[in-house]
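Trainee: Here the sequence shown is numbered in the numbering used here, starting from 119 and rising by one per residue. Just so it is clear, CB atoms sit at the ideal spot from N, CA and C, and this is done for glycine as well.
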Amino acid sequence: MVDLARRNFFRGKKISTPPAIRLPWVINEQHFIDGCTQCADCITSCEENIIVKGDGGFPKIDFSKGECTFCQKCIEVCNQPLFVDEREDSQTAWQLDIKIKNNCLAMNQVVCQSCQDSCEPEAISFKYLTSKTPQPQIELDKCNGCGACVSICPQTAIELTPKLVTELT
Numbered sequence: 119m120v121d122l123a124r125r126n127f128f129r130g131k132k133i134s135t136p137p138a139i140r141l142p143w144v145i146n147e148q149h150f151i152d153g154c155t156q157c158a159d160c161i162t163s164c165e166e167n168i169i170v171k172g173d174g175g176f177p178k179i180d181f182s183k184g185e186c187t188f189c190q191k192c193i194e195v196c197n198q199p200l201f202v203d204e205r206e207d208s209q210t211a212w213q214l215d216i217k218i219k220n221n222c223l224a225m226n227q228v229v230c231q232s233c234q235d236s237c238e239p240e241a242i243s244f245k246y247l248t249s250k251t252p253q254p255q256i257e258l259d260k261c262n263g264c265g266a267c268v269s270i271c272p273q274t275a276i277e278l279t280p281k282l283v284t285e286l287t
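Structure below.
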């Protein structure tokens, strides 16, 4: 069993780095780390080129390079049983948190709606609140986690991270 946090500690890397976003429909992080052979077939099969080598050589998603189209080619080439069986819609591909950071142009009174324009499921909208510039609003129930909003943002103000899931024992 590989413990990436421990490995990073001994390499002198920051311990509080956010967890990597793995491929869509992965059963869970530990199952993925234990079963992934790091063959890189998923990386070469990704037409969007958003799958990159992460810590320990394990593949991860890099939304700064583009968006996920949920084509499932990464899953098709994988010879390991790392993914859930039911993969009918993109809504269940990831459990991600989305955050718009303070360097967002709209939050700093500059008109920008590039994230809204790239959001096909219309999870991001802009509304006039207390300022003269419309402010971004996220409807989490509409967000499919495709990441289209991340690479298009001129300020890299949008951050997607895996939700921390706590399991009851």
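Pair every Cβ in the segment 210-222 with every Cβ in the segment 152-160, then say whether three or more of these pairs are closer than 8 Å.
Mentor: Contact fails: fewer than three Cβ-Cβ distances are below 8 Å.
Trainee: Select from Ser232, Phe201 and Glu147 the residue whose C-alpha is nearest the C-alpha of Gln273.
Mentor: When only C-alpha atoms are compared, the closest one is Ser232.
Trainee: Using a Cβ-Cβ cut-off of 7 Å (strictly less than) and excluding sequence neighbours within five positions of Glu240, which residues of its own chain qualify?
Mentor: Cβ within range, chain order: Lys260.
Trainee: Is the CB-CB distance between Val89 and Leu200 below 7 Å?
Mentor: Nothing about residue 89 can be read from this structure; the chain reaches only from 119 to 287.
Trainee: Just how far apart, CA to CA, sit Leu286 and Asn146?
Mentor: Note that Leu286 scores 40 on pLDDT, short of 50, meaning its location in the model is unreliable; the coordinates nonetheless yield the value given after this. When rounded, the distance between both Cα atoms is 15 Å.
Trainee: Indicate whether Asn181 and Ala211 have their beta-carbon atoms separated by less than 7 Å.
Mentor: It should be pointed out that residue 181 corresponds to Phe in this sequence rather than to Asn. For Phe181 and Ala211, no; Cβs fall outside 7 Å.
Trainee: So what does DSSP say about Phe244, is it helix, strand or coil?
Mentor: Phe244: strand per DSSP, three-state reduction.
Trainee: Answer yes or no: do Lys183 and Asn197 have a C-beta to C-beta separation smaller than 7 Å?
Mentor: Their beta carbons are not under 7 Å apart, which means Lys183 does not touch Asn197 by this criterion.
Trainee: Going by DSSP, which residues form a beta bridge with Phe201?
Mentor: DSSP output for Phe201 lists Val144 as bridge partner(s).
Trainee: Please report how far the alpha carbon of Cys186 lies from the alpha carbon of Ala138, in whole angstroms.
Mentor: Between Cys186 and Ala138, the C-alpha separation is close to 15 Å.
Trainee: Leaving aside the five residues before and after Gly172 along the sequence, list all residues of the same chain whose C-beta is less than 7 Å from its C-beta, in chain order.
Mentor: Result list for Gly172: Ala138 and Lys178, in chain order.
Trainee: Whose CA, out of Leu278, Val170 and Thr155, lies closest to the CA of Asn262?
Mentor: Out of Leu278, Val170 and Thr155, Leu278 has the C-alpha closest to the C-alpha of Asn262.
Trainee: Give the C-beta separation of Asn221 and Ala275 to the nearest angstrom, bearing in mind that I take them to be a contact with Cβ-Cβ under 8 Å.
Mentor: That pair is a contact at about 5 Å.
Trainee: So what's Lys217 in DSSP terms, helix, strand or just coil?
Mentor: Strand, per DSSP.
Trainee: Closest by CA to Val229, which one among Glu165, Lys191, Thr251 and Ile169?
Mentor: Minimum Cα distance to Val229 is reached at Thr251.
Trainee: Could you say which of Leu141, Phe176, Lys219 and Ala224 lies nearest to Ile193 if we only look at CA atoms?
Mentor: Nearest of Leu141, Phe176, Lys219 and Ala224 to Ile193, Cα basis: Leu141.
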